[in-house]
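Colleague: Going by this note's numbering, the sequence shown opens with residue 433, and the numbers climb by one from there.
Glycine residues also receive a C-beta, built at the ideal position from the N, C-alpha and C atoms.
Just so we're clear, the structure is a prediction, and the values are computed from it rather than from any experiment.
My questions will all concern the structure given below.
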Amino acid sequence: MPINDPDVAQYLRKLADKQGRVEAQLSSLMKRYQHVVAQSEDDKIEMKKLRGTMKKAMERIRYIEDIPGKRVPYFMNFQVEIPGPDTPSTAVAGQRLSDTKPVSQDGPFVCTTYLSAFMMKTYSIGPYGDPEIPTGRPNDPPAGSEVITPLTGRFRPVASTADPFAGAYLGYGMGASSIGGAQAAQTFRPGAIDFLFEIADEGTDRLRQNQIPIPSRYLFSEFDRPMYLPVSDFFERGSSIRFSSTLTRELGFAEVNYALLPNGFAEGEQNPPPDPSQPDDIGRVPVSIGGTLYFTMLGYKILQAQSPAV
Numbered sequence: 433m434p435i436n437d438p439d440v441a442q443y444l445r446k447l448a449d450k451q452g453r454v455e456a457q458l459s460s461l462m463k464r465y466q467h468v469v470a471q472s473e474d475d476k477i478e479m480k481k482l483r484g485t486m487k488k489a490m491e492r493i494r495y496i497e498d499i500p501g502k503r504v505p506y507f508m509n510f511q512v513e514i515p516g517p518d519t520p521s522t523a524v525a526g527q528r529l530s531d532t533k534p535v536s537q538d539g540p541f542v543c544t545t546y547l548s549a550f551m552m553k554t555y556s557i558g559p560y561g562d563p564e565i566p567t568g569r570p571n572d573p574p575a576g577s578e579v580i581t582p583l584t585g586r587f588r589p590v591a592s593t594a595d596p597f598a599g600a601y602l603g604y605g606m607g608a609s610s611i612g613g614a615q616a617a618q619t620f621r622p623g624a625i626d627f628l629f630e631i632a633d634e635g636t637d638r639l640r641q642n643q644i645p646i647p648s649r650y651l652f653s654e655f656d657r658p659m660y661l662p663v664s665d666f667f668e669r670g671s672s673i674r675f676s677s678t679l680t681r682e683l684g685f686a687e688v689n690y691a692l693l694p695n696g697f698a699e700g701e702q703n704p705p706p707d708p709s710q711p712d713d714i715g716r717v718p719v720s721i722g723g724t725l726y727f728t729m730l731g732y733k734i735l736q737a738q739s740p741a742v
């Protein structure tokens with residue numbers, strides 16, 4: 433039914449406009465509410481993820497002692513061969529000698545201590561003298577050939593400070609007045625070795641020192657006391673550990689004096705030299721010193737550990 437009264441029609445239009453505005457406001461409020469609800473759900477999901485991440489972080493291994501697995505003692509051994517000189521100009525001082533060992537897949541390796549030892553070997557300096565005149569050693573093997581003497585196989589310190597000077601004082605007025613007196617003076621025993629060393633994890637390209645190598649003197653702070661690390665050193669499976677040593681001096685020479693024993697016994701392979709000034713059963717031979725340098729990283733393996741362990 434049409435409304436002829438203009439005032440009533442105007443009033444109804446106002447009500448319709450007001451209702452439209454109210455519906456628009458309610459629609460906007462509903463959209464805002466739905467947005468807040470959705471954001472709240474997203475926040476709940478994010479909080480759930482955050483709780484999961486924090487739980488994983490709390491369960492993550494942060495210390496070597498927390499790695500599950502069976503601990504067994506393990507010696508990670510390195511060895512470097514130091515040959516005897518085959519010519520007078522041959523030198524080992526300053527040479528960098530290295531050995532690399534891998535960490536096996538049965539478990540990570542944890543190092544706690546450094547150890548080292550040097551096993552001495554003796555090498556011929558070559559034949560000398562006249563074979564027709566009974567002097568010298570004309571039948572000795574070529575220079576640089578290993579010979580077995582009473583010094584062979586002996587373990588010696590890895591720092592010369594382990595051998596006291598024993599009267600080898602070199603100062604004014606203390607020199608020997610004769611060759612015999614100089615020969616009688618005691619000096620360092622043969623076979624002590626001095627070197628600088630470096631440790632590196634080639635898998636991660638991480639050094640265990642700065643650019644300055646470590647003196648072998650530190651390995652023996654009190655003669656036979658090893659070098660204990662301030663913290664345990666960790667190497668994951670598949671790592672390659674490199675030990676590098678640089679000798680600071682030549683190992684030198686020694687003169688071995690010995691005699692043939694009764695019933696055909698003798699020390700070493702050397703025969704007594706033909707020396708008319710000595711009885712036939714007396715021997716003496718000059719040799720050069722070399723040997724095998726052993727370096728050991730003492731610690732333990734963690735068997736049946738998760739991979740990666742940390």
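1) Could you say if the region 679 to 689 and the region 623 to 631 meet the contact criterion of at least three C-beta pairs nearer than 8 Å?
2) Which two residues bound the contiguous beta strand (DSSP E) that contains Y506?
3) DSSP puts S676 in a beta bridge; with which residues?
4) Would you decide whether D572 is buried or exposed? Buried here means 16 or more other CB atoms lie within 10 Å of its CB.
5) So S548 and S648 are supposed to be a Cβ contact under 8 Å. How far apart are they, rounded?
6) What would DSSP say about G452, mapped onto helix, strand or coil?
7) For the beta strand (DSSP E) containing L547, name the first residue and the last one.
8) Is V386 buried or exposed, if buried means 16 or more other CB atoms sit within 10 Å of its CB?
9) Am I right that T554 and V719 are in contact with their C-beta atoms under 8 Å? What's the rounded C-beta distance?
10) Classify G516: buried if its beta carbon has 16 or more other beta carbons within 10 angstroms, exposed otherwise.
11) Have a look at F428 and K481 and give me their C-alpha separation to the nearest angstrom.
12) Hey, quick one: how far does the beta strand (DSSP E) through L661 stretch, first residue to last?
13) Under 8 Å by Cβ, that's how I've got A594 and L651 pegged, so tell me the actual separation to the nearest angstrom.
14) Taking the DSSP output, what are the residues bridged to G731?
15) Cα separation between Q451 and R483?
16) When DSSP labels each residue in this structure, what does R586 get in the three-state scheme?
17) Report the CB separation of E634 from P645 in whole angstroms; it is logged as a contact under 8 Å.
18) Whose CA, out of G585, N695 and Q466, lies closest to the CA of M551?
19) Can you list, in chain order, the residues of its chain with a C-beta nearer than 8 Å to that of S664? Leave out the 5 residues immediately preceding and following it.
20) Pop quiz: F510 and F727 are said to be a contact at Cβ under 8 Å. What is the actual Cβ separation, rounded to whole angstroms?
Modeller: In this structure, then:
1) yes
2) As a first step, residue 506 must be located in the sequence shown, where it is residue number 74. Y506 -> beta strand (DSSP E) spans K502 to I514.
3) Within the sequence shown, the letter at position 244 stands for residue 676. Bridge partners of S676: S530 and E630.
4) Position 140 of the sequence shown holds residue 572. With 16 or more Cβ atoms within 10 Å of its Cβ, D572 is classed as buried.
5) Residue mapping note: residue 548 aligns to position 116 of the sequence shown, counting from 1. Residue mapping note: residue 648 aligns to position 216 of the sequence shown, counting from 1. Right, their Cβ atoms sit about 7 Å apart.
6) Taking the sequence shown and counting its residues from 1, the one referred to as residue 452 is at position 20. Correct three-state label for G452: helix.
7) Against the sequence shown, residue 547 aligns to sequence position 115. Taken as a continuous stretch (DSSP letters only), the beta strand (DSSP E) holding L547 covers F541 to S556.
8) For residue 386 there is no data in the structure shown, the boundaries of the chain being 433 and 742.
9) Counted from its first residue, the sequence shown places residue 554 at position 122. Counted from its first residue, the sequence shown places residue 719 at position 287. 4 Å between Cβ atoms; contact.
10) For the purposes of this step, residue 516 is taken as the residue at position 84 of the sequence shown. Classification for G516: buried.
11) Residue coverage of the chain in this structure runs from 433 to 742, which leaves residue 428 outside it and unanswerable.
12) As a working mapping, residue 661 is identified with position 229 in the sequence shown. Taken as a continuous stretch (DSSP letters only), the beta strand (DSSP E) holding L661 covers M659 to F667.
13) In the sequence shown, the residue the question calls residue 594 occupies position 162. In the sequence shown, the residue the question calls residue 651 occupies position 219. In fact, because the Cβ distance is near 10 Å, the residues do not count as touching under 8 Å.
14) Locating residue 731 in the sequence shown gives position 299, where the first residue counts as 1. Per DSSP, Y506 and C543.
15) Numbered from 1 along the sequence shown, position 19 holds the residue referred to as residue 451. Numbered from 1 along the sequence shown, position 51 holds the residue referred to as residue 483. Each residue's alpha carbon lies about 47 Å from the other.
16) The count along the sequence shown starts at 1 and reaches residue 586 at position 154. Coil, per DSSP.
17) The residue given as residue 634 occupies position 202 in the sequence shown. The residue given as residue 645 occupies position 213 in the sequence shown. Contact doesn't hold; Cβ gap of about 17 Å is too wide.
18) Residue numbering aside, residue 551 sits at position 119 when the sequence shown is read from its first letter. Among G585, N695 and Q466, the Cα nearest to that of M551 is on G585.
19) The residue you call residue 664 lines up with position 232 of the sequence shown. Only I496, V542, C543, T544 and G731 meet the Cβ criterion.
20) By 1-based counting over the sequence shown, the position of residue 510 is 78. By 1-based counting over the sequence shown, the position of residue 727 is 295. About 4 Å; that satisfies the 8 Å criterion.
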